[in-house]
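Take the position in the sequence shown, starting the count at 1, then add 35; the result is the number in the working numbering.
Down below is the structure, laid out as structure tokens.
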Amino acid sequence: MKLKRFLLRYYPPGIILEYLRSNGQYETKSIDLLNLTPETDLDALVDQIIFEEPLISDSKKPQLKNLIQKLIEKLDTREDQRFYLFKILRAHILPLTNCAFNKSGDKFLTGSYDRTCKVWDTVSGEELLTLEGHKNVVYTIAFNNPFGDKIVTGSFDKTAKIWDAVTGQLYHTLRGHQTEIVCLSFDPHGTLVATGSMDNTAKIWDVETGQELCTLKGHAAEIVSLNFNVDGDKILTGSFDSTAKIWDVRTGSCIHTLAGHRGEISSTQFDFTGDYAITGSIDRTCKLWNVHSGRCIETLRGHNDEVLDVCFNSTGTKLVTASADSTARVYNVMTGACVAILIGHEGEISKVSFNPQGTKVLTASSDKTCRLWSVETGEQLQVLEGHTDEIFSCAFNYEGDTIITGSKDNTCRIWKDNTCFVPDGDDEVDDEDD
């Protein structure tokens, strides 16, 4: 085996090794650096990697050190980072349902009650495409990240549609659900789509052919949350039946039922490693689960109203919960300790996310504001004001220098970092000297 080049993955930090096997096949393996911080001892880490990884020779030590230094620089966010309103997009004639970035953040999607999905250029604010064809509300939308060349839309008309993200051409209409589709996702390889419905089932579809591959049956009520793990071999579903289930993607069989909540599930997510999953519930708690055993490791309490959204940071070391009690809470995943309570909103928080670096939390609320918070201190850093109705969607781009917010006021707002930082591409590539 011969190492050909390094690829950098910024969030979560890691180095991908591309190597040539003796049979002429190219393959990759990843070195995850989930505990990397600006305080990491670089020399010790490089020595450890070279000791443990036979593909990397001593002669590559300077190059490896340089690459890890770049990863560390990406983890550093300025204390004085501020976002300003860049564009207001009067996106649809009826209320929005959702918005989503592609990986690089140069395009994003909006779905609406007007039965369309629109594709936007983030930099210019220009509308690039209108995807028409659904016969009811377009409720859930996604790019096939990291590729970004396909879009899937899920609708109250019981169908999902797969589109070309550049031309807007409709590839497939996915028919089979009995009622509304309310959640969906591409798998990480972009070859499968999973859809979750109010008919109590999820379905897995082949992106290339549009054929249904299997139906995930077993929930006793609506499926409202659905995620693939990073490897793409498992799906996590959350349901109004108060359980979540982990499924084998290949066979469609249920591996574990995550039972223990005393109310409907609102939100679910796998961590980056795929070892843990979290579930948020209207029973006011979030539970942390071991994916391999299906057992509950920790019940995270503290909210005094429904938990509406849950989210891991990119490395899986922290998680955040958002609640109808107008607060969000940050927890240490390893200890289960609450490390920050984010207090300041005057209405329920329906959406929450970490920035890619894991240093800030973004919350969206019915009080018509989004707010940015320090993960370290819990301090409120900035209020994004201007929407005239409830905000239900907010997201960072891959670099963490652009935010989109979607509101019931029918507008989508783009917010940019005050340094106008220009991203330098997705994943940086450094070729090996052969």
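Virtual Cβ for every residue (Gly too), placed ideally from N, Cα, C.
Alpha helix (DSSP H) containing F307: first to last residue? One-based indexing of the sequence shown puts residue 307 at position 272. Unbroken run through F307: none, as it is neither H nor E.
Practice task
Assign K280 to one of two classes, buried (16 or more other C-beta atoms within 10 Å of its C-beta) or exposed (fewer than that).
Solution key: In the sequence shown, counting from the first residue as 1, residue 280 sits at position 245. Per the 10 Å Cβ criterion, buried.
Checking 8 angstroms against the spacing of the C-beta atoms, do G140 and T157 come in under that value?
For the purposes of this step, residue 140 is taken as residue 105 along the sequence shown, with counting starting at 1. For the purposes of this step, residue 157 is taken as residue 122 along the sequence shown, with counting starting at 1. A Cβ-Cβ contact shorter than 8 angstroms links G140 with T157.
Between which residues of its own chain and N453 is the CB-CB distance below 8 angstroms, once the five residues before and five after are set aside? What you label residue 453 is simply residue 418 of the sequence shown in a count that begins at 1. Shown here for N453: same chain residues with a beta carbon closer than 8 angstroms to its own, the five before and five after excluded, namely Q116, R117, F118, Y119 in chain order.
Q | Y8 versus G146, T165, L163, residue with shortest Cα-Cα distance | A | There is no way to answer for residue 8, as the model of the chain reaches only from 36 to 469.
Buried or exposed, going by whether 16 or more other CB atoms sit within 10 Å of the CB of L43?
Locating residue 43 in the sequence shown gives position 8, where the first residue counts as 1. The residue in question, L43, is buried, as its Cβ has 16 or more Cβ neighbours within 10 Å.
Checklist line | Rounded distance between the beta-carbons of A359 and D340, thought under 8 angstroms | finding: The sequence position of residue 340 within the sequence shown is 305, counting from 1. The sequence position of residue 359 within the sequence shown is 324, counting from 1. About 4 angstroms; that satisfies the 8 angstroms criterion.
- Message: For I313, list the residues DSSP reports as bridge partners.
- Response: As a working mapping, residue 313 is identified with position 278 in the sequence shown. Q304, L323.
If you run the structure through DSSP and keep just helix, strand and coil, what is K96?
Numbered from 1 along the sequence shown, position 61 holds the residue referred to as residue 96. In the structure shown, K96 falls within a helical segment according to DSSP collapsed to helix, strand and coil.
Distance, Cα to Cα, A430 vs S288? Along the sequence shown, one-based indexing puts residue 430 at 395. Along the sequence shown, one-based indexing puts residue 288 at 253. Approximately 32 angstroms between the Cα atoms of the pair.
*According to the neighbour-count rule (16 or more other Cβ atoms, all chains shown, within 10 Å of its Cβ), is K105 buried or exposed?*
Within the sequence shown, the letter at position 70 stands for residue 105. Exposed, because fewer than 16 other Cβ atoms sit within 10 Å of the Cβ of K105.
Selection from G309, T278, F305 that minimises the alpha carbon distance to I297: The residue you call residue 297 lines up with position 262 of the sequence shown. The identity of residue 297 in the sequence shown is Arg, whereas the question assumes Ile. Closest by alpha carbon: T278.
_Close Cβ partners of I107 (< 6 angstroms) along its chain, the five nearest in sequence each way excluded_ = Reading the sequence shown from its first residue, position 72 is the one you call residue 107. Within the same chain, I107 has close Cβ partners P73.
Practice item. With DSSP as the reference, please indicate the residues paired to T175 in a beta bridge. Key: Within the sequence shown, the letter at position 140 stands for residue 175. Answer is G189.
TODO: Pull up the distance between the alpha-carbon of V368 and that of K322, whole angstroms please.
DONE: Working through the sequence shown from its first residue, we reach residue 368 at position 333. Working through the sequence shown from its first residue, we reach residue 322 at position 287. Going from the Cα of V368 to the Cα of K322 covers about 11 angstroms.
- Item | Contacts around H401, its chain only, beta-carbon distance under 6 angstroms, and the 5 residues preceding and following it disregarded | Mapped onto the sequence shown, residue 401 falls at position 366. The question names His, but residue 401 is Ser in the sequence shown. Contacts found: G382, E383, E425.
- Message: If I measure Cβ to Cβ from D268 and keep anything under 6 angstroms in the same chain, skipping five residues before and after, which residues do I get?
- Response: Taking the first residue of the sequence shown as position 1, residue 268 is located at position 233. Excluding residues within five positions, the ones whose Cβ falls inside 6 angstroms are V284.
Can you tell me which of E167, D222, Y148, F143 puts its alpha carbon nearest to the alpha carbon of L129?
Position 94 of the sequence shown, counted from the first residue, corresponds to residue 129. Nearest to L129 by C-alpha distance, out of E167, D222, Y148, F143, is Y148.
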